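Step one of this worksheet: look at the structure below.
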Amino acid sequence: MESLIQFVQDEFVTKKEFPKFAAGDTITVYYEIAEGQKTRTQFFRGVVIQKKGTGTAQTFTIRKMSGTVGVERIFPMNLPALQKVEINKRGKVRRARIYYFRELTGKKARIKERRLKK
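Just so you know, the numbering used here puts 463 at position 58 of the sequence shown, and the rest follows in order with no gaps.
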């Protein structure tokens with residue numbers, strides 16, 4: 406049964422190619438919003454809190470500060486409205502899910518930048 410589900414997902418679900426990113430990275434996600442007859446592109450820039458799931462059920466959570474309020478948004482990887490993902494900064498964190506980041510404010514909320522290998 407599982408192999409049948411996997412076969413259908415591989416054949417019929419269109420997979421989008423996005424750059425590799427992980428928790429701690431600052432990314433910008435561009436997605437389409439339909440307003441009546443028109444569609445427009447909006448972006449959401451923030452720190453990746455977690456990546457979750459596998460295959461077509463994979464999602465990622467992004468957190469940003471809007472004034473003094475923290476805003477989190479969960480995006481499915483195979484969302485048809487997703488247009489592109491840009492990586493702004495690579496973050497150096499020790500965990501795959503950085504929930505502790507929610508409580509941090511000010512200078513404590515900074516994430517060190519990961520140095521790229523040459």
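All residues carry an ideal CB built from backbone N, CA and C; glycine is no exception. None of the values given here were measured: they were computed from a predicted structure.
- Remark: C-beta atoms of residue 470 and residue 421 do not approach each other more closely than 9 Å.
- Per DSSP, the continuous alpha helix (DSSP H) segment holding residue 417 begins and ends at 407–417.
- With contacts defined by Cβ atoms closer than 9 Å, residue 426 and residue 480 do not form a contacting pair.
- The three-state reading of DSSP puts residue 451 in strand, counting E and B together.
- By alpha-carbon distance to residue 495, the top candidate from 432, 415 and 412 is 432.
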